[in-house]
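S.K.: Below you will find the structure I want to go over with you.
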Amino acid sequence: MKKLVKYIKQKLPFYQKRLIDSLPFLLIYQAILFILSPIKLNQVILVIMIVIFTLSLLTKD
């Protein structure tokens, strides 16, 4: 179990960077999903992703 936790802690920055890099594609996917099924949950997720995307662009410089 300790090996698994240590492995996850080592790989976390890598996966975090990959998630931030794929955020524009995830945002497009979520927008299409909201258009197809406009429920409150999809709307909330879309707004959260837009905020995260905007903040990541502002902090990138």
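Heads up, the sequence shown is in our numbering, so the first residue is 6 and it goes up one at a time. Heads up, the beta-carbon is just placed ideally off N, CA and C, and yes, glycines get one too. Only a predicted model underlies this, so the values are computations on that prediction, with no experimental measurement involved.
I'd like the span of the alpha helix (DSSP H) that includes S61, first residue to last.
M.R.: For the purposes of this step, residue 61 is identified with residue 56 of the sequence shown, where counting begins at 1. Taken as a continuous stretch (DSSP letters only), the alpha helix (DSSP H) holding S61 covers 45 to 65.
S.K.: Considering only the alpha carbon of each residue, which of F19, L28, K8 lies closest to F58?
M.R.: Numbered from 1 along the sequence shown, position 53 holds the residue referred to as residue 58. Nearest option by C-alpha distance: L28.
S.K.: Between the C-alpha atoms of L38 and D26, what's the straight-line distance to the nearest angstrom?
M.R.: Counting from 1 along the sequence shown, the entry for residue 38 is found at position 33. Counting from 1 along the sequence shown, the entry for residue 26 is found at position 21. In a straight line, the C-alpha of L38 is about 20 Å away from that of D26.
S.K.: Have a look at L24, I44, L9 and flag the residue whose alpha-carbon is nearest the alpha-carbon of S61.
M.R.: Start at 1 with the first residue of the sequence shown, and residue 61 comes out as number 56. Among L24, I44, L9, the Cα nearest to that of S61 is on L24.
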